[in-house]
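One structure is given here, and the rest of the page talks about it.
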Amino acid sequence: MLELEDEKYLVELGKLDGVPTESDWEYAKTYLPILKFFYDATLKVSATKHVTGNSYLKEVFGVGLMIRKMSLNKTDPNQKAMATKMKAKFDKYWGDVDNMNLVIFVACVLDPRYKMKFVTWLIRENYGSGSDSDS
Numbered sequence: 015m016l017e018l019e020d021e022k023y024l025v026e027l028g029k030l031d032g033v034p035t036e037s038d039w040e041y042a043k044t045y046l047p048i049l050k051f052f053y054d055a056t057l058k059v060s061a062t063k064h065v066t067g068n069s070y071l072k073e074v075f076g077v078g079l080m081i082r083k084m085s086l087n088k089t090d091p092n093q094k095a096m097a098t099k100m101k102a103k104f105d106k107y108w109g110d111v112d113n114m115n116l117v118i119f120v121a122c123v124l125d126p127r128y129k130m131k132f133v134t135w136l137i138r139e140n141y142g143s144g145s146d147s148d149s
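For the record, in the sequence shown the residue sitting at position 133 is 147 according to our numbering, with numbers rising by one throughout.
The structure is reproduced here in structure tokens:
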């Protein structure tokens, strides 16, 4: 049944010398908070039963922040390498404020919890001084 989900599983499983060891499981557990974060963010932005437009910007930049934190990890070179690849992909879509769809900013500004101050702060925090106004 697994071959229907992932054809390459045999190749990956063939790289192991047997079942995962206790240290393999401990290492895998270190990734649980990261995976949970990405899972929760995915659920929030892809929800179908409630409006997500107002929280989309917050979630996307939360993902960017998590990737930056992962890239600063000095104890796990694998996590740092993974974060570097993720950052390249993230920056392709979210790295330049001028190429982003402005509707997500408008949706955030119209949310009474965030308003323009949050959007201005977010742009400055992630792109330098990207806004001329101090609203």
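Note that CB positions come from ideal geometry on N, CA and C, so glycine has one too.
Check: Closer than 7 Å: is that where the CB of Phe-104 sits relative to any heavy atom of the ligand MG?
Finding: Looking for the ligand MG in the displayed structure turns up nothing, as the structure carries no ligands at all.
Notebook entry, point to check: Going by alpha carbons, who is nearest to Gly-109 out of Met-84, Asn-92, His-64 and Phe-75?
Noted result: Among Met-84, Asn-92, His-64 and Phe-75, the Cα nearest to that of Gly-109 is on Phe-75.
Check: So, Met-100 versus Ile-81, is the Cβ gap smaller than 8 Å?
Finding: yes
Item checked: Expected contact under 8 Å - CB spacing of Phe-52 and Val-77 to nearest Å -> Going by Cβ atoms, the distance from Phe-52 to Val-77 rounds to 7 Å, so yes, they are a contact pair.
Margin query: Going by DSSP, what residue range makes up the alpha helix (DSSP H) through Asp-38?
Written below: 36-43
Checklist line | Boundaries of the alpha helix (DSSP H) in which Ala-121 is found, first to last residue | finding: 117-124
Check: Taking buried to mean at least 16 other C-beta atoms within 10 Å of its own C-beta, is Ala-97 buried or exposed?
Finding: buried
Note to self: Do Ala-55 and Glu-36 count as a contact pair if the criterion is CB distance below 8 Å?
What the structure shows: no
Next item on the list: Report yes if the CB atom of Leu-71 is closer than 8 Å to the CB atom of Cys-122, and no otherwise.
Entry: Judged by beta-carbon spacing, Cys-122 lies within the 8 Å limit of Leu-71, meaning their Cβ atoms are closer than that value.
Margin query: Going by DSSP in three states, Gly-142 sits in which element: helix, strand or coil?
Written below: Of the three classes helix, strand and coil, the one that applies to Gly-142 here is coil, per DSSP.
Checklist line | Alpha-carbon spacing of Asn-140 relative to Val-25, whole angstroms | finding: 40 Å
Notebook entry, point to check: Near Ala-102, what residues of its chain come up, given a Cβ to Cβ distance below 8 Å and the 5 sequence neighbours on each side ignored?
Noted result: Take Ala-102, set aside five residues on each side of it, and no residue of its chain has a beta-carbon closer than 8 Å to its own.
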